[in-house]
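In my numbering, the protein residues as written are 862 to 1347. First the structure, in the form of structure tokens, and then the observations on it.
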């Protein structure tokens, strides 16, 4: 036989606890605020049949513009080009709860797709009283949220620029944003004679396929490179005006071109203003047009071939300057037009001339011992050994007086006749030999005097004396000879 438990025994022996009440889908749906259902019904409106996803997002966003929710379950949502339609009810409630808290001053990190939905709302003037207010809301949210999501730095600058264009706002709102490098480069080249070497270098580098700013030579000699770039650019501009009958801007940037464009690229945006005839100029070289709802952009946009040509120019500068300076890391020779090589060579010559003008005097320390010895010899000739050996006042002086110059001719560069003849002898001209033998104090004093008089012209020593033989510095020999023998 089996023991049979009565119903009372079963009830008395069990322990009962709280258990969730299982709801069916219909009951769960009844807990979702009705606004979500009505928002979804907008899609089924016959007037919106066949409309774009961006327009549906705009209509639904306007319907939910002032709605707030308070949902305890945080949801996650990941989707490219997220919209309300692509969310489940739970995701919708999570998003609108996050937006409600944000509007009340509580900024919390959330799914990136929720963030983009909020940005799309601001771009479309959803929850915004005026375009000016919308611009500042976009910028403020970007500055506050970028610590959670640095990716926003990629999207917000161009969107803010398009926002100013689309809603016809003051361009001054964009002043603290990074400028468009191509626009700055084009405007620099249009006014190149008024620009600094730094501005011209940055302009050319922005238009070039060769990044001279990353060159090891540039990083060690930035001022010299900028000087050569500016000098070359001025010369190239003169060449273009005289030989090619065009300007330097069009040679490097090409012509102004007008191309179709899409504002708020990579965003869900509905063109709700439907402009018929409209123009907005960001600057003199960058304009936007809208004609019958079709947008276009006019600007200088260098082609690939133009960028390669500018790259060849900058690489030629880098290559030849490394050669000229004896740089420890030379570049391999590449193809470059003879015109570019000639312009770079001229610019380098101007650089050396400018350097000599501003060079500080250089003291040849190796000559100090010889100068001391010369001074000691002169001192010994002038000092009298004892009173008994002193020469009477009527007797001849120790050193015979120098004979007067037979001629009164003027010599170049302020030289004396003796200095002029000394230099001619160095260049092999047939001149009488001096009374003193080579290496005497008189000769060293002549050399010092010549170097001092010619320093203002050359900015450097022109006569050296290595060992016992004086000689002109090779770098200045031709120019010095041209002064002596015009």
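Built from N, CA and C at the ideal position, the CB exists for glycine as well.
Checking 8 Å against the spacing of the C-beta atoms, do residue i and residue j come in under that value?
{"i": "residue 1089", "j": "residue 948", "result": "no"}
{"i": "residue 944", "j": "residue 902", "result": "no"}
{"i": "residue 918", "j": "residue 1133", "result": "no"}
{"i": "residue 1207", "j": "residue 1096", "result": "yes"}
{"i": "residue 1050", "j": "residue 1113", "result": "yes"}
{"i": "residue 1216", "j": "residue 1201", "result": "no"}
{"i": "residue 1009", "j": "residue 974", "result": "no"}
{"i": "residue 1071", "j": "residue 1175", "result": "yes"}
{"i": "residue 893", "j": "residue 946", "result": "no"}
{"i": "residue 1153", "j": "residue 1168", "result": "no"}
{"i": "residue 929", "j": "residue 961", "result": "yes"}
{"i": "residue 1044", "j": "residue 1147", "result": "yes"}
{"i": "residue 1348", "j": "residue 1307", "result": "The question about residue 1348 has no answer here: the residues shown for the chain are numbered 862 through 1347."}
{"i": "residue 1120", "j": "residue 1158", "result": "yes"}
{"i": "residue 1124", "j": "residue 1156", "result": "yes"}
{"i": "residue 968", "j": "residue 996", "result": "no"}
{"i": "residue 1062", "j": "residue 1188", "result": "no"}
{"i": "residue 966", "j": "residue 952", "result": "no"}
{"i": "residue 1093", "j": "residue 1053", "result": "no"}
{"i": "residue 1068", "j": "residue 1098", "result": "no"}
{"i": "residue 1197", "j": "residue 1173", "result": "yes"}
{"i": "residue 1030", "j": "residue 993", "result": "yes"}
{"i": "residue 950", "j": "residue 897", "result": "yes"}
Buried or exposed for residue i, going by 16 or more other Cβ atoms inside 10 Å?
{"i": "residue 941", "result": "exposed"}
{"i": "residue 1005", "result": "exposed"}
{"i": "residue 933", "result": "exposed"}
{"i": "residue 972", "result": "buried"}
{"i": "residue 985", "result": "buried"}
{"i": "residue 1066", "result": "buried"}
{"i": "residue 1280", "result": "buried"}
{"i": "residue 1299", "result": "Legend: pLDDT at residue 1299 = 45, less than 50; position of this residue unreliable, no value from coordinates given."}
{"i": "residue 1140", "result": "exposed"}
{"i": "residue 1331", "result": "buried"}
{"i": "residue 979", "result": "buried"}
{"i": "residue 1343", "result": "exposed"}
{"i": "residue 1109", "result": "buried"}
{"i": "residue 1186", "result": "exposed"}
{"i": "residue 1248", "result": "With a pLDDT of only 45 at residue 1248, under 50, the local geometry of the prediction cannot be trusted, and no value is derived from it."}
{"i": "residue 888", "result": "Because the pLDDT of residue 888 is 44, which lies under 50, any placement of that residue in the model is unreliable, and the number read from its coordinates should be weighed accordingly. That one is exposed."}
{"i": "residue 1060", "result": "buried"}
{"i": "residue 868", "result": "In this prediction, residue 868 scores a pLDDT of 49, lower than 50, which makes its location untrustworthy; the coordinate-derived value is nonetheless stated afterwards. With fewer than 16 other Cβ atoms within 10 Å, it is exposed."}
Among the residues of its own chain, which have a CB less than 6 Å from the CB of residue i, if the five just before and after it don't count?
{"i": "residue 1191", "result": "1183"}
{"i": "residue 926", "result": "987 and 988"}
{"i": "residue 1339", "result": "none"}
{"i": "residue 1252", "result": "With a pLDDT of only 40 at residue 1252, under 50, the local geometry of the prediction cannot be trusted, and the value read off the model is given with reservation. Contacts found: none."}
{"i": "residue 1056", "result": "1049"}
{"i": "residue 1142", "result": "1148"}
{"i": "residue 1074", "result": "1066"}
{"i": "residue 970", "result": "1009"}
{"i": "residue 1180", "result": "1192"}
For residue i, which residues from the same chain have a beta carbon less than 7 Å from its beta carbon, with the 5 sequence-adjacent residues on both sides left out?
{"i": "residue 977", "result": "943"}
{"i": "residue 1315", "result": "1274 and 1323"}
{"i": "residue 1003", "result": "1013 and 1017"}
{"i": "residue 1135", "result": "1154"}
{"i": "residue 1335", "result": "none"}
{"i": "residue 958", "result": "930, 931 and 932"}
{"i": "residue 1333", "result": "1287, 1323, 1324 and 1341"}
{"i": "residue 1000", "result": "1021"}
{"i": "residue 921", "result": "900, 903 and 945"}
Going by DSSP, what residue range makes up the alpha helix (DSSP H) through residue i?
{"i": "residue 1338", "result": "1338 to 1345"}
{"i": "residue 1272", "result": "Residue 1272 -> no alpha helix (DSSP H), and no H or E assigned at all."}
{"i": "residue 926", "result": "Residue 926 -> no alpha helix (DSSP H), and no H or E assigned at all."}
{"i": "residue 995", "result": "992 to 1006"}
{"i": "residue 982", "result": "973 to 984"}
{"i": "residue 958", "result": "950 to 964"}
{"i": "residue 1189", "result": "Premise fails: residue 1189 is in no alpha helix (DSSP H) and is neither H nor E."}
{"i": "residue 1218", "result": "1199 to 1218"}
{"i": "residue 969", "result": "Residue 969 -> no alpha helix (DSSP H), and no H or E assigned at all."}
{"i": "residue 901", "result": "895 to 902"}
{"i": "residue 1026", "result": "1013 to 1027"}
List the endpoints of the continuous beta strand (DSSP E) containing residue i.
{"i": "residue 1333", "result": "1330 to 1333"}
Note down, in chain order, each residue of its chain lying with its Cβ closer than 8 Å to the Cβ of residue i, except the 5 sequence neighbours on either side.
{"i": "residue 1035", "result": "1021, 1022, 1025 and 1143"}
{"i": "residue 1087", "result": "1058, 1059, 1061 and 1062"}
Discussion item. If we require 4 or more residues per run, which alpha helix (DSSP H) segments fall completely within the stretch 1100 to 1172?
Written reply: 1109 to 1114
Practice prompt. Would you mind listing the alpha helix (DSSP H) stretches within the stretch 1037 to 1062 that are 4+ residues and don't spill past its ends, in chain order?
Written response: 1042 to 1051
Discussion item. Threshold first: 4 residues or longer. Then list the alpha helix (DSSP H) segments lying entirely within the stretch 1064 to 1095, N to C.
Written reply: 1077 to 1081
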